[in-house]
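Student: Have a look at this one before I ask anything.
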Amino acid sequence: MKGPLDSHIREFERYLTVEKNVSPHTVGAYLGDLCQFRDFASAAGMMPEGAGEEGWGKVDPVVIRSFLASLYRAKMKKVTIGRKMAALRSFFRFLLRRGRIDVNPAESVQAPKGEKHVPSVLSVDEVLKLLSVPFGEDVLGLRNRALTELFYTTGIRLSELTGLNLEDIDFSQDLVKVRGKGRRERIVPAGSSALAAVREYLERRSELQRGRPDLGEAPVFLSKSGVRLAQRDVDRILRKAVRRSGIVRNVSPHTLRHSFATHLLDAGADLRAIQEMLGHKSLSTTQKYTSVGISRLMEVYDRAHPRAKRPEDGAEPEKAGSGT
Numbered sequence: 464m465k466g467p468l469d470s471h472i473r474e475f476e477r478y479l480t481v482e483k484n485v486s487p488h489t490v491g492a493y494l495g496d497l498c499q500f501r502d503f504a505s506a507a508g509m510m511p512e513g514a515g516e517e518g519w520g521k522v523d524p525v526v527i528r529s530f531l532a533s534l535y536r537a538k539m540k541k542v543t544i545g546r547k548m549a550a551l552r553s554f555f556r557f558l559l560r561r562g563r564i565d566v567n568p569a570e571s572v573q574a575p576k577g578e579k580h581v582p583s584v585l586s587v588d589e590v591l592k593l594l595s596v597p598f599g600e601d602v603l604g605l606r607n608r609a610l611t612e613l614f615y616t617t618g619i620r621l622s623e624l625t626g627l628n629l630e631d632i633d634f635s636q637d638l639v640k641v642r643g644k645g646r647r648e649r650i651v652p653a654g655s656s657a658l659a660a661v662r663e664y665l666e667r668r669s670e671l672q673r674g675r676p677d678l679g680e681a682p683v684f685l686s687k688s689g690v691r692l693a694q695r696d697v698d699r700i701l702r703k704a705v706r707r708s709g710i711v712r713n714v715s716p717h718t719l720r721h722s723f724a725t726h727l728l729d730a731g732a733d734l735r736a737i738q739e740m741l742g743h744k745s746l747s748t749t750q751k752y753t754s755v756g757i758s759r760l761m762e763v764y765d766r767a768h769p770r771a772k773r774p775e776d777g778a779e780p781e782k783a784g785s786g787t
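The following block contains the structure:
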């Protein structure tokens, strides 16, 4: 984040954190976006250098469009540009409501439409191959198997997986308590095989603590040094397991989450139930998985339905009878 935060940005930070209960990750991203815009506008002479709070009132739509154009020239992804625009919209709406500015300059600026992205998923057979990888019988191998099993069986986010504490797992009810985006808590079911793997790992978890007791939070998944496992470590563990499984394509931690949702949908699960398990605030976010399900249905239909089969190359399609 470049440059100091002026009082307007700090006030906006408090608003997001205290009143809106926005996650620290999103708050940090928004503040970085605002500082980037301020630095761009100042460098381009479109926002008085050193004007501080007064400078925000001098921003007009032309400045914002110039900023967006610079992001396009830098080949930035549309989804990232869209987030930066969302930060500006939210910030200027906030300033207008608080009486800090007279006009919202972002209101008339069109944000770029995000690219439609169909999630990459593993087939059920590929997931079984992944879970059949010999992770090893030492404590690290048991940990890696447990986190991979739990990741797929719950469909939780990577940050939610690494954020799990011992108190969050209810073995008696086969449930896991998750703290998701916006610090919203939800309860998700967990499969018996995954919980068995977690239980087996927990029996030897103390080996990673190196004699140090849990103080405060007690993370489920520990690193070699006895601290909470980082997200990048889970990514590395998963990619190594994918290579060993023989799956020849790129698989990220999020692929397991996509696969969880798609497999539930394919099996006839209700979309709103999937929304609840994934922790999506909006059903429209969950609906992207229906496009994957529909494409699979079409493949089955084309293979199985007699009226869906394509004629062989060079063959004449069967003509309908004249009827009576």
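Mind the numbering: the sequence shown is residues 464 to 787 in our numbering, read in order. A virtual CB, placed ideally from N, CA and C, is assigned to each residue, including glycine.
#1: Is the distance from the Cβ of F614 to the Cβ of L719 below 7 Å?
#2: State the DSSP-derived secondary structure class of L714, mapped to helix, strand or coil.
#3: Of all the options N628, V490 and T617, which has the alpha carbon lying nearest to the alpha carbon of G679?
#4: Answer yes or no: do G618 and L741 have a C-beta to C-beta separation smaller than 7 Å?
#5: Which class does K585 belong to by DSSP, given the choice of helix, strand or coil?
#6: Contact defined as beta carbons within less than 8 Å: I believe D502 pairs with K547. What is the distance between those atoms, to the nearest angstrom?
#7: Could you check the C-alpha separation between S715 and L624 for me, to the nearest Å?
#8: Roughly how many angstroms lie between the CA atoms of S533 and S688, to the nearest whole one?
#9: Alpha carbons only, please: which of D588, V522 and D565 is nearest the one belonging to H726?
#10: Reducing DSSP to helix, strand and coil, say where P682 ends up.
#11: Can A653 and V639 be called in contact, C-beta distance under 7 Å?
#12: What is the DSSP secondary structure of V485, reduced to helix, strand or coil?
#13: Let me know the secondary structure DSSP gives P676 once reduced to three states.
#14: Taking DSSP as the reference, what is the three-state secondary structure of L692?
#15: Sort out for me which residues DSSP pairs L734 with in a bridge.
#16: Would you kindly report the start and end of the unbroken beta strand (DSSP E) that includes E648?
#17: Determine the contact status of Q694 and L621, defining contact as a CB-CB distance below 7 Å.
Tutor: Taking the coordinates as given:
#1: yes
#2: The identity of residue 714 in the sequence shown is Val, whereas the question assumes Leu. Looking at V714 - three-state DSSP - the assignment turns out to be coil, as it is neither helix nor strand.
#3: N628
#4: yes
#5: It is worth fixing the name first, because residue 585 is Leu in this sequence and not Lys. Coil.
#6: No, D502 and K547 are not in contact; Cβ-Cβ is about 13 Å, not under 8 Å.
#7: 14 Å
#8: 43 Å
#9: D588
#10: strand
#11: yes
#12: coil
#13: coil
#14: coil
#15: Partner(s): none; L734 has no beta bridge.
#16: E648 to P652
#17: yes
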